[in-house]
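I have placed the structure first, in the form of structure tokens, so that the comments after it can refer back to it.
Residue numbers (the numbering used here): 10 to 198.
What follows is the structure, given as structure tokens:
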């Protein structure tokens with residue numbers, strides 16, 4: 010089963026949240042996540058990425074699937090509450106689903122300057138976590154080739170936030186709206 014089919018048939022709506030925890034980001038179904046990885050890899054393979062960067066925890070499955078399809082390593086930014094003093098690249102981010110502020114950090118030793126990388130995550134909503142990862146990569150001296158997401162909530166302007174930096178964005182499934190308990194998925198044909 011591919012992601013579009015899984016979202017159409019199995020996603021649940023709770024308010025403004027699209028819950029895909031039964032197949033994508035809590036319980037992970039290999040067939041679904043492999044299809045995400047293959048599509049994202051096909052989008053970026055021509056640009057020559059050397060690394061995938063993501064944030065823990067829900068970004069790890071799609072990022073790992075993409076990294077496996079490209080046969081390149083993956084690094085995930087760790088999330089911390091509070092402010093510690095570690096030798097890392099870091100940014101403050103507010104979680105749109107949990108409403109708490111946290112830091113995303115990447116140890117300097119795992120993100121050397123000069124790498125060509127793509128940033129992959131499960132959802133693109135407002136784009137703040139993705140933007141923070143892009144800023145971290147840029148600060149580290151890496152080249153951000155683009156961003157790949159499993160699912161995008163198009164009405165929350167995350168794409169626009171990233172494109173303002175000149176970054177390319179690709180999403181496997183683009184959700185146009187939520188109305189009641191119905192999702193509208195953008196048709197790419």
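The C-beta atom is built at its ideal place from N, Cα and C for all residues, glycine as well.
These numbers were taken from a predicted model, which means no experiment stands behind them.
- When DSSP states are grouped into helix, strand and coil, residue 79 belongs to the helix group.
- Residue 36 sits in coil when the DSSP states are folded into three classes, being neither helix nor strand.
- Across the structure, residue 163 and residue 121 are spaced so that their CA atoms are roughly 33 Å apart.
- Shown here, residue 115 sits in a strand according to DSSP, grouped into three states.
- Taking 8 Å as the upper bound for CB-CB distance, residue 59 and residue 126 are in contact here, some 7 Å apart.
- DSSP, read as helix, strand or coil, puts residue 155 in strand.
- A direct Cα-Cα distance of roughly 4 Å separates residue 101 from residue 112.
- Annotation: the continuous beta strand (DSSP E) that includes residue 192 extends over 191-194.
- If you compare the alpha carbons of 40, 166, 117 and 167 with that of residue 150, the shortest gap goes to 117.
- The Cβ atoms of residue 85 and residue 72 lie closer than 9 Å to each other.
- Under a 10 Å Cβ-count criterion, residue 82 is classified as exposed, with fewer than 16 other Cβ atoms of the shown protein chains found around its own Cβ.
- In this structure, DSSP gives residue 169 a helical state, which the three-state scheme calls helix.
- Checking the DSSP bridge columns, you'll see residue 16 has no partner listed.
- The residues 132 and 182, in chain order, have a CB closer than 6 Å to that of residue 160 in the same chain once the five nearest residues on each side in sequence are set aside.
- Looking at 79, 188 and 74, the one whose alpha-carbon comes closest to that of residue 55 is 79.
- When Cβ pairs closer than 8 Å are counted between the two stretches, the region 182-198 is seen not to touch the region 141-156, the count staying below three.
- Straight across, the Cα-Cα distance linking residue 147 with residue 141 is about 10 Å.
- Across the set 178, 134 and 179, the C-alpha of 134 shows the shortest separation from the C-alpha of residue 165.
- Exclusion of the five residues before and after residue 52 leaves 157 and 179 as the residues of its chain whose Cβ lies within less than 7 Å of its Cβ.
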